[in-house]
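The numbering of the sequence shown is the numbering used here, which starts it at 13 and goes up by one. Each residue gets a CB set at the ideal place from its N, CA and C atoms; glycine is no exception. None of these values were measured; they are calculated from a predicted model.
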Amino acid sequence: PIHKQVIVQAYQKYGYGGIGDVCAMTGDGVNDAPALKQAEVGVAMGIRGTEVAKDAADIVLQDDDFSSIINGIEQGRLCSANLRKSIMYTLCSKVPQFAPTLAMVFGVPEALTIAQVLLIDIGTDIWTAIAYAFQPAESKLMARAPRHPKLIKLADWGVGVYSYCYIGVLQCCFCWIMFFSLPGMIGIFNEKGAKDELYTTAEKLIVKEGKTVYYWTLVMGQIAAAISTTTERQSLFTYCFPNMALNMAFLFEVILGLVAIYGSFMHGPFNTALLTSDQVVKPVSALICIGLIEELRKYIFRQLEERGQCAWLLDVAKAPDAESSDEGSSGSEDSSEDDNGKPLLC
Numbered sequence: 013p014i015h016k017q018v019i020v021q022a023y024q025k026y027g028y029g030g031i032g033d034v035c036a037m038t039g040d041g042v043n044d045a046p047a048l049k050q051a052e053v054g055v056a057m058g059i060r061g062t063e064v065a066k067d068a069a070d071i072v073l074q075d076d077d078f079s080s081i082i083n084g085i086e087q088g089r090l091c092s093a094n095l096r097k098s099i100m101y102t103l104c105s106k107v108p109q110f111a112p113t114l115a116m117v118f119g120v121p122e123a124l125t126i127a128q129v130l131l132i133d134i135g136t137d138i139w140t141a142i143a144y145a146f147q148p149a150e151s152k153l154m155a156r157a158p159r160h161p162k163l164i165k166l167a168d169w170g171v172g173v174y175s176y177c178y179i180g181v182l183q184c185c186f187c188w189i190m191f192f193s194l195p196g197m198i199g200i201f202n203e204k205g206a207k208d209e210l211y212t213t214a215e216k217l218i219v220k221e222g223k224t225v226y227y228w229t230l231v232m233g234q235i236a237a238a239i240s241t242t243t244e245r246q247s248l249f250t251y252c253f254p255n256m257a258l259n260m261a262f263l264f265e266v267i268l269g270l271v272a273i274y275g276s277f278m279h280g281p282f283n284t285a286l287l288t289s290d291q292v293v294k295p296v297s298a299l300i301c302i303g304l305i306e307e308l309r310k311y312i313f314r315q316l317e318e319r320g321q322c323a324w325l326l327d328v329a330k331a332p333d334a335e336s337s338d339e340g341s342s343g344s345e346d347s348s349e350d351d352n353g354k355p356l357l358c
């Protein structure tokens, strides 16, 4: 028993070029129990396995079929990927939600109220984020090398860059474009700034319409973000919209946004105003443009991935070769490259 446990410990300490492997151990007997307990994931046999092995293991295969392990790995990867997508989507709206508050310091009229922020976060975003739990896998989910938890975190720098510096900035730009495109808004900004006590009745109505346009554009931007984050690399033209729960969340977002615009009972609590059909249609361009920009990004990333040049995109350097590597073989278990010479985890 101790020999099996020592082998697992050796992989955990010296594997992956000295970084340490994440080990799974299979077993069915009493002698396997220490190693099953030592491994990150212990897998015991449900039919022929002993009770000791089952108690020590994390997973019990009810059918004793090793192919079930692959199915379990796929589900684990899918859960991890969907959670990451949900986080990215949720963080995207924070930049355009914070920008109006910062802009008021520089004299820009109020573009988004706290009530409207809550209407987006609680009324729409939370249900869309939950719907990611039902997202099917991308076509190459199992073709990619596993994510090493010591090198690539679930919410790493890439999540922040994608949400805050990329999609969030695009949403913010479209929101401001639509806000200042309203007739009279630039004049109010130049003459009276954010001093709402100086506004006339007509100017107050313009600012109120501006808030509504900003809110509606952000809703369109969030739908674009949700559609974009359904896949990390695969094109939406091949992936399409298989998640009906997410599709219903999109529909709910649109309906709630239109109710906030056209429902008179929503105008008071959420400080919205009735918009013309032109003012409602124009923000849809944000959805289309962000979606097209994302398709271009995914195409570039797919090309880099095929060439084996995407390791830097995942914030991971090549795993260092083990000092004890025999004869400098590039095919050792701890090598940082696969048989095709591509960087590990690319």
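Only residues of its own chain outside the window of five on either side were considered, and among them Met-57, Arg-60, Gly-61, Ala-65 have a CB closer than 6 Å to the CB of Asp-40, listed in chain order. Between the alpha carbons of Tyr-144 and Ala-36 lies a gap of roughly 28 Å. Cβ contact annotation for Met-260 (same chain, cutoff 6 Å, sequence separation greater than five): none. In this structure, Lys-97 and Thr-242 form a Cβ contact; the two beta carbons are roughly 7 Å apart against a cut-off of 8 Å. Here Tyr-227 is not near Thr-140, since their CB atoms are 8 Å or more apart. Fewer than three pairs of CB atoms, one per stretch, sit closer than 8 Å, so the region 98-110 makes no contact with the region 202-213. Taking a cut-off of 8 Å for Cβ pairs, the region 227-239 and the region 264-273 touch, as three or more such pairs fall below it. The distance from the Cβ of Gln-128 to that of Phe-282 is about 6 Å, consistent with a contact at the 8 Å cut-off. When beta bridges are read from the DSSP output, Leu-73 appears opposite Met-57. Here the region 189-204 lies against the region 286-305, with 3 or more beta-carbon pairs under 8 Å apart. If you draw a straight line from the Cα of Ser-80 to the Cα of Tyr-26, it is about 28 Å long. Remark: C-beta atoms of Ala-237 and Leu-258 do not approach each other more closely than 8 Å. If you draw a straight line from the Cα of Gly-280 to the Cα of Leu-130, it is about 15 Å long.
Per DSSP, the continuous beta strand (DSSP E) segment holding Gly-39 begins and ends at 36-39. Between Val-107 and Cys-184, the C-beta spacing is below 8 Å.
When secondary structure is reduced to three states using DSSP, Thr-62 falls in the coil class, being assigned neither helix nor strand. For Arg-89, same chain residues with a beta-carbon under 6 Å away, outside a window of 5 residues either side, are Leu-153 in chain order. Leu-299 has its alpha-carbon roughly 27 Å from the corresponding atom of Phe-201. Scanning Gln-24, Ile-134, Ile-71, Asn-43 for the CA closest to the CA of Glu-265 turns up Ile-134. About 17 Å separates the beta carbon of Gly-233 from that of Ile-138, a gap too long to meet the 8 Å contact definition. When the five nearest sequence neighbours on each side are left out, the beta carbons in the same chain lying within less than 6 Å of the beta carbon of Ile-179 are those of Cys-104, Ala-237, in order along the chain. A distance below 8 Å between beta-carbons, with the five flanking residues on each side excluded, links Gly-172 to the following residues of its chain, in chain order: Leu-103. Taking 8 Å as the cut-off, the beta carbon of Gly-222 is found closer than this to the beta carbon of Ala-123.
The Cβ-Cβ distance between Glu-52 and Val-34 falls below 8 Å. In the three-state scheme derived from DSSP, where H, G and I count as helix and E and B as strand, Ala-261 is classed as helix. With at least 16 other beta carbons inside 10 angstroms of its own, Leu-48 counts as buried. Rounded to whole angstroms, the separation of the alpha carbons of Tyr-311 and Ser-247 is 7 Å. Note on geometry: alpha-carbon atoms of Gly-84 and Pro-254 lie some 21 Å from one another. Sequence-distant partners of Thr-38 (beyond 5 residues in either direction) whose C-beta falls short of 6 Å from its own C-beta, in its chain, are Val-55.
DSSP places Gly-303 in the helix class (H, G or I) of the three-state scheme.
If you draw a straight line from the Cα of Ile-82 to the Cα of Leu-286, it comes to about 54 Å. If the five residues before and after Ala-167 are omitted, its C-beta is found closer than 8 Å to the C-beta atoms of Arg-96, Ile-99, all from its own chain and listed in chain order. Residue environment for Ala-214: exposed (fewer than 16 other C-beta atoms within 10 angstroms of its C-beta). One thing to note: Glu-150 has its Cβ no nearer than 8 Å to the Cβ of Glu-86.
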